[in-house]
């Protein structure tokens, strides 16, 4: 009985399996290398401040003012829901002033930074990836390079600086809005007094909590700008490539935000 002949160009199964595993691994290492080269280009572009500072101011307005409403709205609802759920779970089993601590710590340590970063990953990350991807497809970046201009100082660095500067500011505003909304919800639904809420908030509060929230905001600000900038800057040709780059930027940024959230909690919070 003769063996079935193998089609021309088809590899044996014992060769195909390692190849299927090695190809994505090599691709990831290639992306890491190109991302590192982009970071080096950003560092090299820092002395050219006359070019990137005016553009960074414009991008700060887009990131900060343009995202302010949706960030504050989300933070307000998050604070109110946290207060209501805490009242549902803990009323009658713990002192009423604990509600203030639950709302304060939940907003400052977790909900404020993470929700703000996820919103910006969808709003700013998608926009940056689409803008740079379109510029790559229409050869505007190639034209910029042919004129002897550095794309890092014109396109990439202003967007990254805007994220590093504005995301922490938005997180602090989100923290304050979430606390006020949680306070109002607790007063109206749980009957807690202002004195009890303030006492609970101050009793469990640590000064490092604000620093921790700021550190997370800075890390998230780099994620929601650098990853979309890289994905858009290296987009494939065609409209399909731009759409794929936009989706990849949002998904990758969101996953990295959640991963960094876990890593920073493990590294920075005492006793964890």
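Residue numbers (this note's numbering): -14 to 257.
Beta carbons are placed, not taken as given, at the ideal position from N, Cα and C, and that holds for glycine.
Keep in mind the model is a prediction, meaning the values are calculated, not measured.
Measure the CB-CB distance between residue 27 and residue 129 and report whether it falls below 8 Å. Numbered from its first residue, the chain shown carries residue 27 at position 42. Numbered from its first residue, the chain shown carries residue 129 at position 144. Taking 8 Å as the Cβ cut-off, residue 27 and residue 129 do not qualify as a contacting pair.
So the candidates are 59, 191 and 187; which of them puts its Cα closest to the Cα of residue 255? For this step, residue 255 is matched to residue 270 along the chain shown. Closest in C-alpha terms to residue 255, from the list 59, 191 and 187, comes 191.
Shortest alpha-carbon distance to residue 31 belongs to which of 114, 53, 172 and 139? Mapped onto the chain shown, residue 31 falls at position 46. The residue with the shortest Cα to Cα distance from residue 31 is 139.
What did DSSP end up calling residue -13 once you bin it into helix, strand or coil? In the chain shown, counting from the first residue as 1, residue -13 sits at position 2. Residue confidence for residue -13 is low, a pLDDT of 49 falling below 50, so the modelled location carries little weight and cannot support an answer.
Can you give the beta carbon distance from residue 41 to residue 209, rounded, assuming they're within the 8 Å contact cut? Stepping through the chain shown from its first residue, residue 41 is reached at position 56. Stepping through the chain shown from its first residue, residue 209 is reached at position 224. In fact, because the Cβ distance is near 15 Å, the residues do not count as touching under 8 Å.
Which residues bound the alpha helix (DSSP H) around residue 160? For the purposes of this step, residue 160 is taken as residue 175 along the chain shown, with counting starting at 1. Taken as a continuous stretch (DSSP letters only), the alpha helix (DSSP H) holding residue 160 covers 142 to 174.
Can you tell me whether DSSP reads residue -8 as helix, strand or coil? Position 7 of the chain shown, counted from the first residue, corresponds to residue -8. Any reading at residue -8 is ruled out, since the residue's pLDDT is 48, under 50, leaving its predicted position unreliable.
Residue 121, enclosing alpha helix (DSSP H) - first and last residue: To locate residue 121, count along the chain shown from 1; it is residue 136. Its alpha helix (DSSP H) spans residues 111 to 122.
Put residue 9 into one of helix, strand or coil per three-state DSSP. Counted from its first residue, the chain shown places residue 9 at position 24. Annotated three-state conformation of residue 9 is helix, per DSSP.
Simplified DSSP assignment, three categories, for residue 222: For the purposes of this step, residue 222 is identified with residue 237 of the chain shown, where counting begins at 1. For residue 222, the three-state secondary structure derived from DSSP is coil.
By the DSSP assignment, the alpha helix (DSSP H) with residue 186 in it spans what residues? For the purposes of this step, residue 186 is identified with residue 201 of the chain shown, where counting begins at 1. Element bounds for residue 186: 179 to 188.
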